[in-house]
Amino acid sequence: MNDTDRASKITAIIEAYPADRRFALAAMQDMQHEFNYIPEEGLAALADYLGCTKAHLYSMATFYKALSLTPKGEHIIKICNGTACHLRGSVNLATELKRILDIEPGQTSADGEFSVEYVNCLGSCALAPVMVVDGVYHNKLKVDQISGIVDSYRTDDSKGVIGDD
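Read left to right, the sequence shown gives residues 52 to 216 (the numbering used here).
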């Protein structure tokens, strides 16, 4: 995406809301959804639009774990590390992702394609261990399935649920 397209999208997101500070979080969530992070120019434009400081918006953006000020990968992988998933091997899934992508949870791959995150619970304890890629749940996972899931996101937009037996 070029700078002009990015600026247009940022403007469209911001102007979808009234110029009232109570809509700051909603606008930042929309930027997060669109870009997988909140760009610096988005934060600056939103501050100008709302008539507040960038510091005010920065404090909000850093308070909420769901918001990021650093670029994330094109595909976001969330590994459940809740009790049920942890007991059923979610740590092994993270280890396999580290082997495949050469990144730890909380990092983004060098090619910018994947980010891996630990989350406390995904609410699917009966289907543990669970991993979510771009909002698609992959459940009852085994370590040997991880490579195939990652490859399916690398090669095409095939996002079928794997491990649902």
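C-beta: ideal position from N, C-alpha, C; glycine also.
Quick caveat: nothing in here was measured; it's all calculated off a predicted structure.
CB of residue i within 8 Å of CB of residue j, strictly
i: K129; j: E85; result: no
i: M82; j: I64; result: yes
i: A77; j: L94; result: no
i: H126; j: Y204; result: yes
Residue i: first and last residue of the uninterrupted beta strand (DSSP E) it sits in
i: V142; result: That residue, V142, is in no beta strand (DSSP E); its alpha helix (DSSP H) goes 141-152.
i: K105; result: Unbroken run through K105 is the alpha helix (DSSP H), 105-114; no beta strand (DSSP E).
i: Y188; result: 187-189
i: K129; result: 126-131
i: M52; result: Element bounds for M52: n/a, residue is neither H nor E.
i: F165; result: 165-170
i: V184; result: 182-184
Element boundaries [alpha helix (DSSP H), containing residue i]
i: V155; result: Looking at the sequence shown, residue 155 is not Val but Glu. From DSSP, E155 is part of no alpha helix (DSSP H); its letter is neither H nor E.
i: E91; result: 91-101
i: T134; result: 134-138
Per-residue burial, residue i [other beta carbons within 10 Å of its own, 16 or more giving buried]
i: S59; result: exposed
i: D56; result: exposed
i: P180; result: buried
i: F114; result: exposed
i: S110; result: exposed
Residues near residue i by beta carbon distance below 7 Å, same chain, minus five either side
i: I197; result: L144, E147, L148, I151
CB-CB length for residue i against residue j, believed under 8 Å
i: L108; j: A98; result: 5 Å
Same chain, Cβ closer than 6 Å to residue i, neighbours up to 5 away in sequence not counted
i: D202; result: none
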